[in-house]
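Residue numbering for the sequence shown follows the numbering used here, beginning at -12 and increasing consecutively. A quick write-up on the structure given underneath.
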Amino acid sequence: NPVFLLPEKLKQSATEVAKQYAGSITLGVGQFCTNPGLIIGVEGEGLDSFINALAAEVKGVAPATMLHSGIAKAFKQNREKALSQGEVTTVAESTTTANENQGTPTIASATGKAFLNNPVLHQEVFGPYSLVIKCADAAEMLVVAQKLEGQLTATLMATDNDVTSNEDLVDAVKNICGRFILNNVPTGVEVCLSMHHGGPFPATTDSRFSSVGADGIKRFARPVAFQNWSNAILPAELKNENPLGIWRTVNNELTKASV
């Protein structure tokens, strides 16, 4: 669930964004499939301010017990593997020592070049961990976006001017996700008609379907067309009088009216 930090937004509110994301990264000990595990920005004063503020927040978050010992073990192993990569720097971790089966909130960083050249850095560390990618420039940030696999979510922290000034990046990020977020966090998935919880492979096997919201039932539905059946023996959903009062598409119009 990559988060792209654009320069004008960082210049305006780096500290506020960092506090917002510290909460999102550590929410529920990081055990959300929408946890923001990858944060991408362009090297400079704005990104430095963000990293420093994020580090300060995360240091103060105490480790907490994870849902299962297996999850805790996997987090510890994957965290250690990521941090052991030569190009990775540990930016911050909780100042409180973790007990058994607890996850230690951690922030790490690497350059855009290192990320592009090391497949290990593309692997998820499921838990309270996020990797900040420091790109040399906007062009490298675009390449990073283009190299990412399918995601459930992708986020832009950006002003309107950032968005209109980076059309190629916006298009690239839009193409890798099922939920495209602007100036918010990916954790917290509302169950509503407009929600889409899916994405291109490997986020899901079929990006047309959502596992959250009213349309989630479509994953288990098999369309059947009834041709030349009399109204008396049609299923209730298809009867002319619409006894169930449901929305139906009749002659290309969405309606609840009887036929």
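The beta-carbon is built from N, C-alpha and C at its ideal position, and this holds for glycine as well.
Asked: Neighbour-count burial assignment, Gln110, 16 or more Cβ in a 10 Å radius; Found: exposed
Asked: Residue nearest to Ser117 in terms of C-alpha spacing, selected from Ala85, Glu80, Gln89; Found: Glu80
Asked: Pro114 to Gly57 span [Cα, whole Å]; Found: The question names Pro, yet the displayed sequence has Gly at residue 114. Their Cα atoms are separated by approximately 12 Å.
Asked: Cβ neighbours of Ser194 in the same chain (closer than 8 Å, five flanking residues each side left out); Found: Gly137, Gly165, Gly185, Gly186, Pro187, Phe188
Asked: Counterpart residues of Thr242 in DSSP-defined beta bridges; Found: Arg235
Asked: Own chain residues within Cβ distance below 6 Å of Asn65, not counting five before or after; Found: Val112
Asked: Supposed contact pair Asn148 and Glu(-5) - C-beta distance, whole angstroms, cut 8 Å; Found: 6 Å
Asked: Closest residue to Phe207 among Gln214, Trp216, Phe196, Phe213 (Cα-Cα distance); Found: Phe196
Asked: For Ala79, the residue or residues it bridges with in DSSP; Found: Ile94
Asked: With 16 other Cβ atoms within 10 Å as the buried cut-off, status of Cys179; Found: exposed
Asked: Buried or exposed by the 16-neighbour rule on C-beta atoms within 10 Å, applied to Val237; Found: exposed
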